[in-house]
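Q: Take this structure first; my questions come after.
2 protein chains.
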Amino acid sequence: MNTIRIALIGYGNVGQAFARMLRRRDEYIRETFDTEAAITAICTRRLGGVTDPAGIDTEHLTDDRFDRSLDALTIIRGGEYDVMVELTPINIKTGQPATDHVRTALSLKKHVITANKGPVAWAYRELRDLAREQGVCFCHEATVMDGVPVYNLAKETLMGCRITEIQGILNATTNFILTKMEQGMSFDDAVAEGRRQGFVEADPSMDIDGWDAAAKLTALMNVLMDVHITPMDIDRTGISEITKADLDEAAARGKRIKLLCHGRMEDSRPVGTVRPTLVDADHIAAIMDTTASYVTVTTDLMGGVTVIEEPFEPEIDHTAYGVLSDLLRILTEIRTPSPRR
Amino acid sequence: MNTIRIALIGYGNVGQAFARMLRRRDEYIRETFDTEAAITAICTRRLGGVTDPAGIDTEHLTDDRFDRSLDALTIIRGGEYDVMVELTPINIKTGQPATDHVRTALSLKKHVITANKGPVAWAYRELRDLAREQGVCFCHEATVMDGVPVYNLAKETLMGCRITEIQGILNATTNFILTKMEQGMSFDDAVAEGRRQGFVEADPSMDIDGWDAAAKLTALMNVLMDVHITPMDIDRTGISEITKADLDEAAARGKRIKLLCHGRMEDSRPVGTVRPTLVDADHIAAIMDTTASYVTVTTDLMGGVTVIEEPFEPEIDHTAYGVLSDLLRILTEIRTPSPRR
Chain F
8 MNTIRIALIG YGNVGQAFAR MLRRRDEYIR ETFDTEAAIT AICTRRLGGV
58 TDPAGIDTEH LTDDRFDRSL DALTIIRGGE YDVMVELTPI NIKTGQPATD
108 HVRTALSLKK HVITANKGPV AWAYRELRDL AREQGVCFCH EATVMDGVPV
158 YNLAKETLMG CRITEIQGIL NATTNFILTK MEQGMSFDDA VAEGRRQGFV
208 EADPSMDIDG WDAAAKLTAL MNVLMDVHIT PMDIDRTGIS EITKADLDEA
258 AARGKRIKLL CHGRMEDSRP VGTVRPTLVD ADHIAAIMDT TASYVTVTTD
308 LMGGVTVIEE PFEPEIDHTA YGVLSDLLRI LTEIRTPSPR R
Chain D
8 MNTIRIALIG YGNVGQAFAR MLRRRDEYIR ETFDTEAAIT AICTRRLGGV
58 TDPAGIDTEH LTDDRFDRSL DALTIIRGGE YDVMVELTPI NIKTGQPATD
108 HVRTALSLKK HVITANKGPV AWAYRELRDL AREQGVCFCH EATVMDGVPV
158 YNLAKETLMG CRITEIQGIL NATTNFILTK MEQGMSFDDA VAEGRRQGFV
208 EADPSMDIDG WDAAAKLTAL MNVLMDVHIT PMDIDRTGIS EITKADLDEA
258 AARGKRIKLL CHGRMEDSRP VGTVRPTLVD ADHIAAIMDT TASYVTVTTD
308 LMGGVTVIEE PFEPEIDHTA YGVLSDLLRI LTEIRTPSPR R
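First to last, the sequence lines map onto chains F and D. Letter by letter, the first sequence follows residues 8 to 348 in this note's numbering. Letter by letter, the second sequence follows residues 8 to 348 in this note's numbering.
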């Protein structure tokens with residue numbers, strides 16, 4: 008039996024849900040890959056770090072096990088692990104400190120999984136090339152649409168196709184707010200309701216102003232269209248100017264207003280926009296209620312292919328599954344290195 | 008430079024479109040896989056077969072090159088090829104002769120790609136196990152939703168998830184007829200229109216009576232839910248009883264009637280139904296117009312994930328792309344055999 012050792016940099020909701028999911032699939036991983044997955048390091052900003060080369064018992068982990076002197080970079084540089092999982096809070100306008108975490112781990116020939124979209128939106132090409140040079144995996148499936156396999160759909164299953172255009176609803180918070188406002192709730196009450204349900208941040212401005220959507224669109228364009236842009240290059244309008252009157256007027260015409268993301272090439276230059284858009288009732292965007300999201304990729308050989316993520320369900324952690332699916336991909340790669348990586 | 012030799016058993020629209028697409032991606036295949044793809048055998052029921060171990064020039068192939076004495080099984084048994092592509096007309100009620108073609112090729116340690124759903128609906132488990140024993144690939148992506156990677160979405164990108172339910176619109180012809188009837192066209196005119204556009208068969212009864220949808224649902228359930236059923240096990244109702252009055256009555260209530268496929272387990276037994284179903288306007292099925300189709304898989308770890316295929320476009324051959332994507336998958340496998348196969 009082999010062992011794969013995991014360092015979790017960040018241990019909030021997603022990290023804890025991932026640890027639970029890993030326990031739930033422990034037997035599956037042993038049977039499928041003849042490998043035991045062990046979390047050997049955990050780091051949080053508030054508590055510091057805890058390490059145990061024999062594997063941390065995450066089911067019974069208490070705050071007093073953490074050592075305040077162990078910070079993220081110390082663990083990434085010196086820890087005993089094979090896979091670094093980047094789960095720290097994102098700074099959308101810089102991509103840091105996540106990008107430094109990822110770069111450092113890849114430099115040390117560690118596999119990397121990031122659920123933080125910063126590194127993919129800000130430094131994808133550099134990190135992808137670094138991973139290739141070092142012969143390790145750089146996985147980021149959870150950064151857009153959680154565990155819905157949007158990157159891998161395109162890379163693994165639409166092989167040989169050229170992706171010419173990307174369209175979608177990528178931000179759950181704004182779609183939730185627009186849906187609730189259509190139903191008569193005020194903007195502030197919709198934000199409060201989203202917070203109660205646990206998916207709206209303490210400061211939702213990054214969502215409302217379209218930054219989160221812009222970062223996700225950037226990540227998708229960098230990976231799927233092989234361009235090299237940052238969130239600053241996106242023509243971005245948020246939903247703060249949208250009023251109940253706008254939504255009612257749209258509804259009276261059988262339409263809805265949605266925060267649409269759109270990426271394409273114009274005169275060989277990448278063009279990305281995030282903006283509130285009037286859509287017809289039979290448009291795919293129009294049936295996305297509350298926290299549902301979708302992406303349509305347009306390809307040369309297969310036309311348009313769409314994937315949809317359903318609204319959040321309390322018992323399912325979609326982001327944690329995205330991290331787990333990346334871990335399973337790494338385990339597959341380790342056994343059968345791909346010439347395409 | 009390596010060579011991969013391909014035998015096309017059946018050479019109608021899909022086979023010819025595949026040959027064109029292969030020429031279009033010739034350079035991509037050489038560069039990515041250091042391999043030249045050559046079609047070394049072609050067989051049709053009407054003309055017989057043509058073989059050329061050096062590669063057939065499909066761009067300039069004329070009828071007089073065919074030898075009437077060469078039939079499918081003769082070519083499959085004696086031909087010089089590495090991959091057999093099964094493209095013969097389907098007999099939905101038996102799965103033959105395609106199943107025999109696939110079995111014979113696998114027995115000879117040839118990789119198989121089938122766009123014919125018969126073998127997957129009638130003998131999936133046997134053929135999958137035979138392929139594993141022989142150490143070759145059995146690919147069938149084009150059998151459901153053409154080149155939309157519905158099998159591989161689940162197998163490659165939703166790894167570790169258990170699929171508990173499958174729902175979708177799987178037959179383009181009936182969805183086209185229902186859409187046109189809603190718009191005021193008669194049933195017969197809708198069939199005629201679909202024939203003019205090239206996707207409705209001379210005898211559309213297999214579509215209209217739900218057999219095609221039942222065979223596709225069976226194929227999906229066999230592969231994704233690891234059950235062992237045939238199209239005969241599906242509780243099947245076609246659309247022949249649906250009238251304009253039914254569609255108008257649904258529309259008056261803001262609903263539509265769609266031929267829905269639904270597979271799930273009940274008391275540990277697989278249950279599959281194909282039947283005209285009333286759906287709400289905001290149901291994903293309700294936005295599928297003309298030849299669009301979709302599948303939603305429900306999983307334990309990721310909830311529901313949906314993929315959509317857009318309506319046919321004349322310039323895109325979605326089925327041929329499905330065959331090409333399987334070929335690229337085989338080329339990937341040959342270079343890096345997967346432990347999961």
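Virtual Cβ for every residue (Gly too), placed ideally from N, Cα, C.
Taking the Cβ atom as the reference point for each residue, do H325 of chain F and G310 of chain D lie within a distance shorter than 8 Å?
A: Result yes, Cβ atoms of H325 of chain F and G310 of chain D sit closer than 8 Å.
Q: Using the Cα positions of E172 of chain F and L227 of chain F, report the straight-line distance between them to the nearest angstrom.
A: Going by the C-alpha atoms only, they are around 10 Å apart.
Q: Going by DSSP in three states, P238 of chain D sits in which element: helix, strand or coil?
A: P238 of chain D: helix per DSSP, three-state reduction.
Q: Please list the segments of the beta strand (DSSP E) lying wholly inside the segment 70-134 of chain D, counting only runs of 3 or more residues, in order along the chain.
A: Runs of the beta strand (DSSP E) inside the segment 70-134 of chain D: 90-93 and 118-121.
Q: Could you tell me whether the segment 15-25 of chain D touches the segment 316-332 of chain F, where touching means 3 or more Cβ pairs closer than 8 Å?
A: With a cut-off of 8 Å, the segment 316-332 of chain F and the segment 15-25 of chain D do not count as touching, because too few Cβ pairs lie within range.
Q: Quick one: is R52 of chain D near chain F, going by C-beta distance under 8 Å?
A: So no, R52 of chain D is outside the interface.
Q: Counting only Cβ-Cβ distances shorter than 7 Å, please list the residues of the segment 321-335 of chain D near chain F, keeping chain order.
A: The residues in question are I323, H325, Y328, L331, S332 and L335.
Q: From F:T39, F:T164 and F:A26, pick the residue whose C-alpha is nearest to that of Y66 of chain F; which is it?
A: Checking the displayed sequence, the identity of residue 66 of chain F turns out to be Glu instead of Tyr. Of F:T39, F:T164 and F:A26, the residue nearest in Cα terms is F:A26.
Q: Residues in the same chain with beta-carbon distance under 6 Å from I315 of chain D, minus the five sequence neighbours each way, listed in chain order, please.
A: Y301.
Q: Is T298 of chain F helix, strand or coil when you go by DSSP?
A: If DSSP states are grouped into helix, strand and coil, T298 of chain F belongs with coil.
Q: For the alpha helix (DSSP H) that contains M28 of chain F, what are its first and last residues?
A: N20 to R31 is the span of the alpha helix (DSSP H), which, as asked, contains M28 of chain F.
Q: Taking C-alpha atoms, which residue in F:I49, F:D219, F:G62 and F:T10 lies nearest to R37 of chain F?
A: Of the listed residues, the one whose Cα sits closest to R37 of chain F is F:T10.
Q: How do the segment 152-162 of chain F and the segment 235-247 of chain F stand: do at least 3 beta-carbon pairs fall below 8 Å, yes or no?
A: Short answer: they don't touch.
Q: Does any C-beta atom of chain D lie closer than 8 Å to the C-beta of N9 of chain F?
A: By this cut-off, N9 of chain F is not an interface position.
Q: Quick test of your reading: E148 of chain F and S332 of chain F, contact by CB under 8 Å. State the CB separation rounded to the nearest angstrom.
A: That pair is a contact at about 6 Å.
Q: If we call anything under 8 Å between Cβ atoms a contact, is V330 of chain F one with V92 of chain F?
A: Closer than 8 Å, so yes.
Q: Any chance you could list the alpha helix (DSSP H) runs of at least 4 consecutive residues sitting entirely within the segment 149-233 of chain F, in chain order?
A: Counting only runs of 4 or more, we get 179-189, 194-204, 212-215 and 218-231.
Q: Could you say which of F:N178, F:E133 and F:Y35 lies nearest to V109 of chain F if we only look at CA atoms?
A: V109 of chain F has its Cα closest to that of F:E133, out of F:N178, F:E133 and F:Y35.
Q: Along chain D, in chain order, which residues have C-beta atoms closer than 8 Å to that of N159 of chain F?
A: Those within 8 Å of N159 of chain F in chain D are E163 and T164.
Q: Taking the alpha-carbon positions, what's the I99 of chain D to D107 of chain D distance?
A: Straight-line Cα distance between these residues: approximately 14 Å.
Q: Please report the residue range of the alpha helix (DSSP H) in which L331 of chain F lies.
A: It spans H325 to R342 - the alpha helix (DSSP H) in which L331 of chain F sits, taken as one unbroken run.
Q: Taking DSSP as the reference, what is the three-state secondary structure of E38 of chain F?
A: It is helical.
Q: Name the chain F residues that come within less than 9 Å of E316 of chain D, Cβ to Cβ?
A: The contacting residues are M309, G310, G311, V312 and T313.
Q: Given 8 Å as the limit, is there contact between the segment 241-256 of chain F and the segment 272-287 of chain F, that is, 3 or more CB pairs closer than that?
A: They touch, by the three-pair rule.
Q: Going by DSSP, what residues sit across from T303 of chain F in a beta bridge?
A: According to DSSP, which records beta bridges pairwise, T303 of chain F is partnered with F:Q174 and F:T313.
Q: Can you check whether the C-beta of M232 of chain F is within less than 8 Å of a C-beta belonging to chain D?
A: Answer no: the Cβ-Cβ gap between M232 of chain F and chain D never drops below 8 Å.
Q: Can you tell me which of F:E34, F:G175, F:V119 and F:A112 puts its alpha carbon nearest to the alpha carbon of A299 of chain F?
A: Looking at the Cα atoms, F:G175 is the closest of the given residues.
Q: Does any residue of chain D have a CB that is nearer than 8 Å to the CB of V155 of chain F?
A: Yes, because at least one Cβ of chain D sits closer than 8 Å to the Cβ of V155 of chain F.
Q: For chain F, check one thing: does any of its Cβ atoms lie closer than 8 Å to the Cβ of R263 of chain D?
A: No, R263 of chain D lies away from the interface with chain F (no Cβ there is under 8 Å from its Cβ).
Q: Do C50 of chain F and I97 of chain F have their CB atoms nearer than 8 Å?
A: No, Cβ-Cβ distance for C50 of chain F and I97 of chain F is not below 8 Å.
Q: Should the segment 201-216 of chain D be called in touch with the segment 181-192 of chain D, which here means at least 3 C-beta pairs below 8 Å?
A: Yes, since at least three Cβ pairs between the segment 201-216 of chain D and the segment 181-192 of chain D fall closer than 8 Å, the two stretches touch.
Q: Per DSSP, what kind of secondary structure is T65 of chain D in: helix, strand or coil?
A: Of the three classes helix, strand and coil, the one that applies to T65 of chain D here is helix, per DSSP.
Q: What's the call for R348 of chain F, buried or exposed, on a 16-neighbour Cβ count within 10 Å?
A: Confidence is the limiting factor: at R348 of chain F the pLDDT is only 35, short of 50, which leaves the residue's position unreliable and the question unanswerable from this model.
Q: Are the beta-carbon atoms belonging to L165 of chain D and T306 of chain D less than 8 Å from one another?
A: Yes; because the gap between Cβ atoms is below 8 Å, this pair is in contact.
Q: If L54 of chain D and F73 of chain D are in contact, beta carbons under 8 Å, what's the gap, nearest whole angstrom?
A: Confirmed, Cβ separation roughly 4 Å.
Q: Kindly identify the DSSP beta-bridge partner or partners of F319 of chain D.
A: Paired residue(s): none; F319 of chain D is not in a bridge.
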